[in-house]
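Heads up: the sequence shown runs through residues -2 to 201, numbered per my numbering.
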Amino acid sequence: MATIGAVILAAGESSRFGQPKQVIEFRGRPLIRGVVSAAKEAKCLPIIVVTGSASGEVATAIANEPVLIVNNDRWRDGMGGSIRAGVNQLLEKAPKVDALVLLVCDQPFVTGEIITKLVGQWQSTGQKIVASNYSDTLGVPALFDRVCFDELLEIDDNQGAKPIILRDPQRVAEFLFPEGARDIDTIADYQAAQRGATSQPSKQ
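Here is the structure:
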């Protein structure tokens, strides 16, 4: 049986939101806890949470959850460093892991069912990447087979995973996930998500 890990990015400053969005309440729990719960429901193991800004608040929000927290002291340098930190921690904990699901803390409509379907599509298609399709783009949540791990570890600080996803379309399976477009960058995004309205496309 394949082992699927999860790397959850929760290191950003939330400058446009005005407070740590990782820990704002959404449907009765902090955003980060919702993503952790989705990874747990999908039986991801291990689950790595990468913190940076607001690391203390994030750690408190997921206290007693079965996760490993790695703090990226250089979170200001960009998302790439957080991805590298998460993948390195994942491989240290589970060197034989078969694939990982890359998640961000500000997509509130990611569920265990969504992650399970990503894994299922990876297993059924044999593709090395399964990426979410929304708003005419591909992005996270995305699953990466272990053959892609070296690429994730070589990401520049100022990049996310999108360049890897788009590098070779022949190795990518697309998973239709319209609600992936609903990420939370601003108070207006947060209010729209609470109402169920569609926000702007995710930048990841």
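Cβ atoms here follow ideal geometry from the backbone N, Cα and C, with glycine treated the same way.
Determine the burial state of residue i: buried for a count of at least 16 other Cβ atoms within 10 Å of its Cβ, exposed for fewer.
i	result
Ser49	The question names Ser, but residue 49 is Gly in the sequence shown. Gly49 should be labelled buried.
Lys93	exposed
Gly31	buried
Met(-2)	exposed
Ser196	Because Ser196 sits at a pLDDT of 42, beneath the cut-off of 50, its placement in the model cannot be relied upon, and the following sentence gives the value as read from the coordinates. Buried, by the Cβ-count rule.
Ser199	Confidence at Ser199 is low in this model, with a pLDDT of 41, below 50, so the placement of that residue should be treated as unreliable; the coordinate-derived value is given next. Buried is the call here.
Gly205	Outside the shown range of the chain, which is -2 to 201, sits residue 205, and nothing can be said about it.
Asp165	exposed
Gln19	buried
Arg13	exposed
Arg26	exposed
Arg24	exposed
Ala194	Confidence is the limiting factor: at Ala194 the pLDDT is only 48, short of 50, which leaves the residue's position unreliable and the question unanswerable from this model.
Val144	exposed
Pro175	exposed
Pro160	exposed
Gly77	buried
By the DSSP assignment, the alpha helix (DSSP H) with residue i in it spans what residues?
i	result
Ser129	It is not in any alpha helix (DSSP H) - Ser129 instead sits in the beta strand (DSSP E) that spans Ile126 to Tyr131.
Glu110	Gly109 to Thr122
Phe106	Premise fails: Phe106 is in no alpha helix (DSSP H) and is neither H nor E.
Glu148	Phe146 to Leu150
For residue i, which of helix, strand or coil comes out of DSSP?
i	result
Ile21	coil
Arg192	helix
Lys200	Since pLDDT at Lys200 reaches only 41, below the 50 mark, its modelled position is unreliable, and no value is offered.
Pro27	strand
Asn155	coil
Ala3	strand
Glu171	strand
Asn61	coil
Gly15	coil
Asn69	coil
Gly177	helix
Ala39	coil
Ala8	coil
Asp165	coil
Asp186	helix
Could you please give the first and the last residue of the uninterrupted beta strand (DSSP E) stretch that includes residue i?
i	result
Thr134	Thr134 to Asp142
Leu99	Ala96 to Val101
Glu54	Counting along the chain, Glu54 falls outside any beta strand (DSSP E), though it belongs to the alpha helix (DSSP H) covering Ser52 to Ala58.
Ile80	Looking at the DSSP string, Ile80 is not in any beta strand (DSSP E); the run it does join, the alpha helix (DSSP H), is Met76 to Lys90.
Thr48	Ile44 to Thr48
Assuming residue i and residue j are in contact, meaning their beta carbons sit under 8 Å apart, how far apart are those beta carbons, in whole angstroms?
i	j	result
Pro105	Leu6	Between Leu6 and Pro105 the Cβ distance is about 15 Å, and since that is not below 8 Å, they are no contact.
Leu99	Phe146	So it is not a contact: roughly 11 Å between Cβ atoms.
Asn69	Ala3	Not really, about 16 Å apart at Cβ, beyond 8 Å.
Ile162	Ala139	6 Å
Ile1	Ala128	That pair is no contact at about 15 Å.
message: Contact between the stretch 162 to 179 and the stretch 114 to 121 is defined here as three or more beta-carbon pairs at a separation below 8 Å; is this criterion met?
response: Cβ pair count under 8 Å is three or more, so yes.
- prompt: Is the stretch 135 to 142 touching the stretch 40 to 59, taking contact as three or more C-beta pairs under 8 Å?
  reply: Using a Cβ-Cβ distance cut-off of 8 Å, the stretch 135 to 142 and the stretch 40 to 59 are not in contact, since fewer than three pairs of beta carbons, one from each stretch, lie closer than that value.
- prompt: Is there contact between the stretch 80 to 87 and the stretch 143 to 154, where contact requires at least three CB pairs shorter than 8 Å?
  reply: These segments touch.
message: Does the contact criterion of 3 or more C-beta pairs under 8 Å hold for the stretch 25 to 43 versus the stretch 55 to 71?
response: With a cut-off of 8 Å, the stretch 55 to 71 and the stretch 25 to 43 count as touching, because enough Cβ pairs lie within range.
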